[in-house]
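Working notes, structure below.
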Amino acid sequence: MAKKLPADERRAQLLEAALAIAAERGVDALTMRPLAAAAGTSLGIVHYHFHDKDTLLTHLGETQILQVNDAMRLAFGQYTEPAGLTGILALGDLLRAGIRGLWPIIEATPHHQLLTFEITAHALRQRSAGNVSAGAIAERQYRTMDAEAVAFLTLCARRADVTWTTSVDQVARFALTCMNGVVLRWLVDRDSDAALLTLDDLVQSLTTKAR
Numbered sequence: 279m280a281k282k283l284p285a286d287e288r289r290a291q292l293l294e295a296a297l298a299i300a301a302e303r304g305v306d307a308l309t310m311r312p313l314a315a316a317a318g319t320s321l322g323i324v325h326y327h328f329h330d331k332d333t334l335l336t337h338l339g340e341t342q343i344l345q346v347n348d349a350m351r352l353a354f355g356q357y358t359e360p361a362g363l364t365g366i367l368a369l370g371d372l373l374r375a376g377i378r379g380l381w382p383i384i385e386a387t388p389h390h391q392l393l394t395f396e397i398t399a400h401a402l403r404q405r406s407a408g409n410v411s412a413g414a415i416a417e418r419q420y421r422t423m424d425a426e427a428v429a430f431l432t433l434c435a436r437r438a439d440v441t442w443t444t445s446v447d448q449v450a451r452f453a454l455t456c457m458n459g460v461v462l463r464w465l466v467d468r469d470s471d472a473a474l475l476t477l478d479d480l481v482q483s484l485t486t487k488a489r
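Residues in the sequence shown are numbered from 279 upward in steps of one, following this note's numbering.
Rendered as structure tokens:
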């Protein structure tokens, strides 16, 4: 018999098990019965918390958003001191350190990176089919990343004593679009050296948007 847990703990346990299954085997492999087995509980309890797979994936997407948010905050938060320098060179150093600081996290979690793309694609397909709430997960994912990137870019500019000549929201959108592409390409070829060089090119491009 499954151990009785408070509802919030059981839901968290189920989401953790779902994340492990989906990260290792993909979204298609995530169904209710294997999830119940992995979590050591009954199928009825799984359905009590998540009506169907789409509901489960919606909540899993929200969990992914929080994890991405935490990773970005951790990486960006460690690199905000330009060692007494100011100006564009200092901005470049700060940006490079923060953006490169994300890479070890990405490199260590390829299955989770792939899952992020899978959940986004699934949410967009659901939106095309008329499921507005599922599609909102993809929008929220990007809004959350935008907010973290804007905070990081704003702090870097302030520490380097420079000003963004383009809207910082647009700079963040550009940076994240490039980084998404870098991560997806890396998932294909696993060429970390090339990925890091591309991120350095991104930093160089970003410094042209400040003065």
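Idealized CB from N, CA, C, for every residue including glycine.
Here the structure is a predicted model, which means the values were calculated and not measured.
Distance check between I384 and each of L465, E294, R421 places L465 closest, using alpha-carbon atoms only.
Contact between the segment 384-394 and the segment 337-357 is present, with at least three C-beta pairs closer than 8 Å. Nearest Cα to A473 within the set F452, Q448, L380: L380.
Boundaries of the alpha helix (DSSP H) around D348: 331-355. Counting along the chain, D471 sits inside the alpha helix (DSSP H) bounded by residues 470-485. When rounded, the separation of the alpha-carbon atoms in T476 and A307 is 33 Å. Looking at R351, G408, L283, the one whose alpha-carbon comes closest to that of S320 is L283.
Counting only runs of 4+ residues, the alpha helix (DSSP H) found wholly inside the segment 362-438 occupies 366-386, 388-406, 410-438, in chain order. Beta bridge pairing from DSSP links W442 with A488. In the assembly as shown, D371 is a buried residue. Its beta-carbon has 16 or more other beta-carbons within 10 Å.
For the options A425, Q356, R303, H327, the alpha carbon positioned closest to that of L293 is the one of H327.
Per DSSP, reduced to three states, the secondary structure at F452 is helical. Contact annotation: the segment 448-463 touches the segment 419-429, with at least three C-beta pairs closer than 8 Å. Under the DSSP assignment, G304 falls outside any alpha helix (DSSP H); it carries neither an H nor an E label. Cβ-Cβ separation between L338 and L297: approximately 6 Å, consistent with a contact (criterion under 8 Å).
Within the same chain, Cβ atoms closer than 7 Å to the Cβ of A353 are found at G376, G379, L380, I383, the five residues on either side in sequence being excluded. Boundaries cannot be given for L283, as no alpha helix (DSSP H) includes it and DSSP labels it neither H nor E.
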